[in-house]
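Asks:
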Amino acid sequence: IGEIRGQGLLIGLDLVKDRESREPHLELGDVTTKRCLELGLSMNIKRRPERGAVWRIAPPLTIAREELDRGVEILDRALRDGLDELAKKGGVT
Numbered sequence: 002i003g004e005i006r007g008q009g010l011l012i013g014l015d016l017v018k019d020r021e022s023r024e025p026h027l028e029l030g031d032v033t034t035k036r037c038l039e040l041g042l043s044m045n046i047k048r049r050p051e052r053g054a055v056w057r058i059a060p061p062l063t064i065a066r067e068e069l070d071r072g073v074e075i076l077d078r079a080l081r082d083g084l085d086e087l088a089k090k091g092g093v094t
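The opening position of the sequence shown corresponds to residue 2 in the numbering used here, with each subsequent residue numbered one higher.
#1: With burial defined as no fewer than 16 other Cβ atoms inside 10 Å of the residue's Cβ, what is the status of V73: buried or exposed?
#2: Counting only C-beta atoms, is V55 closer than 8 Å to chain D at any point?
#3: Specify whether the segment 19-31 and the segment 60-69 touch according to this definition: at least 3 beta carbon pairs, one from each stretch, less than 8 Å apart.
#4: The beta strand (DSSP E) spanning D15 covers which residue range?
#5: Using the DSSP secondary-structure output, state which residues sit across from L4 in a beta bridge.
#6: Would you kindly work out how many angstroms separate the C-alpha atoms of I75 and G83, rounded to a whole number?
#7: With distances taken from CA atoms, which of L69, L87, L38 and I46 is nearest G9?
#8: In whole angstroms, what is the alpha-carbon distance linking P60 and R81?
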């Protein structure tokens with residue numbers, strides 16, 4: 002994770018291969034987004050030439066704390082699963 006920014010419940014999370022070079026980690030974004038969907042969390046990743054791979058996290062403003070916590074748990078698990086999958090392929094640096 003290169004940077005997390007936001008205000009209120011609207012969050013942007015940059016996925017990078019290296020924090021110094023800030024090279025986007027597009028493959029990690031793809032596998033993690035897919036895993037989030039499999040686990041029940043709808044996520045999307047915005048790809049922009051100047052920003053790379055940025056997850057936009059925007060839960061409903063009326064979300065219950067338990068639902069928010071569950072979303073964070075799913076994201077954590079999906080990131081770990083994505084990193085494991087890429088490590089097996091030799092794609093994690």
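All C-beta atoms, glycine included, are put in the ideal place defined by N, C-alpha and C.
Replies: Based on what the coordinates show:
#1: exposed
#2: The structure shown contains no chain D; it is built from a single protein chain.
#3: no
#4: L11 to D15
#5: The question names Leu, yet the displayed sequence has Glu at residue 4. Answer by DSSP bridge pairing, in chain order: D15.
#6: 12 Å
#7: L69
#8: 21 Å
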